[in-house]
Structures are given as C-alpha cells and as structure tokens.
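S.K.: Residue numbers (the numbering used here): 70 to 203.
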Amino acid sequence: MGPHVHFDLTQQWAVTAGLDEIAECIARADVELDWTHPARGSVGNMSRHFGLTACLWAEWYLYRACRDRSCEDLGRALHCVQDAIAHGVLGLKHVRHMAGLARDPDDWDAATLRVRRAIERRSVSMLCRFRPAQ
Ligand SMILES: [Zn+2]
70 MGPHVHFDLT QQWAVTAGLD EIAECIARAD VELDWTHPAR GSVGNMSRHF
120 GLTACLWAEW YLYRACRDRS CEDLGRALHC VQDAIAHGVL GLKHVRHMAG
170 LARDPDDWDA ATLRVRRAIE RRSVSMLCRF RPAQ
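1. Hey, is residue 137's beta-carbon within less than 8 Å of any beta-carbon in chain D?
2. Closer than 7 Å to a non-hydrogen atom of ligand 1 - does that hold for the CB of residue 166?
3. Would you check if the segment 159 to 170 and the segment 118 to 133 touch, i.e. whether three or more CB-CB distances between them fall below 8 Å?
4. Quick one: what does DSSP say residue 144 is sitting in, helix, strand or coil?
5. Compare the Cα-Cα distances from residue 146 to each of 98, 164 and 186 and report the closest residue.
6. Between the Cα of residue 186 and those of 196, 154, 175 and 84, spot the shortest distance and give me the residue it belongs to.
7. In its own chain, which residues sit with a C-beta less than 6 Å from the C-beta of residue 130, not counting the 5 before and 5 after it?
8. In this structure, how does DSSP classify residue 177 when only helix, strand and coil are distinguished?
9. Just to confirm, is the Cβ distance from residue 134 to residue 76 under 8 Å?
10. Can you tell me whether residue 192 is buried or exposed, with buried defined as 16 or more other CB within 10 angstroms of its CB?
11. As a quick exercise: from 173, 74 and 201, pick the residue whose alpha carbon is nearest that of residue 137.
12. May I ask whether a heavy atom of ligand 1 can be found less than 7 Å away from the beta carbon of residue 163?
Structure, rendered in structure tokens:
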C-alpha cells in the first residue's frame, strides 16, 4: 500500500478514532516504515510487510505504543496490519500479481471493497485500542 492508505486515510481514521492531536504523527510513522524498513532490505524487514509475521509485528508495535504512549509505534503497528491484509496471507497476492494473474495488491483503488473495508475496520479498531478509556 502507498501513501494514500499509510498517510492520508490513516490520518483520517485517527481523527475518527478521536486522536486528532496526534493523527499526523501516527500517519507519518505509518508511511515512513516503507523507508526505514523497506521490504527488500532484509528478511527481518520483509516480515513487517507480509502475512502472519506482519500481524505479529503489528501486535508488538501496538503493545509498545500503549506501554510508552508512542504515536510512532502506533503508526508502525497500523502499517504492518494494513500491509498484512492488503498483501494476503504469505504475500501470495504479490506472487500472483508478478505472475500476471492478479491485480496489484498495493493499488487501493483496484482493491475490492471487502479488502478496503477490512483494512479500515482493523485500523480503526487498533486506534481505539490505543485511545485511553474515557
Ligand atoms: Zn509496507
């Protein structure tokens, strides 16, 4: 997924979740993960963008975000979960795309409504888990 999801939509969803004041910080940390940990950099980096390992990274970053009240870690958690859903289990959607069998999994506009809704739902629920109880 590109900056449209990792920055623009993430910022909107953070506002929706009542995190207006740190929405930009969250979105910046989300979009930056593709530069600080590019998937092609190493296996450890790649594990943040694909499949079940990306879900584990998301939980780890969310745990740290809540513990340290860190908007940066919250943004990283969102990136991992958004990629995990977009890329499919084990990143098979990328393999199919490279083989010319499927749409580009990083193209938000070409994503099915089901995938888009799932990404939004998971993102907002993570943002709400971070928000302290009122
Ligand atoms: Zn990514």
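We put the beta carbon where it would ideally sit given N, CA and C, even for glycine. Keep in mind the model is a prediction, meaning the values are calculated, not measured.
M.R.: Taking the geometry as given:
1. Checking the listed chains, one finds no chain D in this structure; it contains a single protein chain.
2. no
3. yes
4. helix
5. 98
6. 154
7. 142, 145 and 146
8. coil
9. no
10. buried
11. 201
12. no
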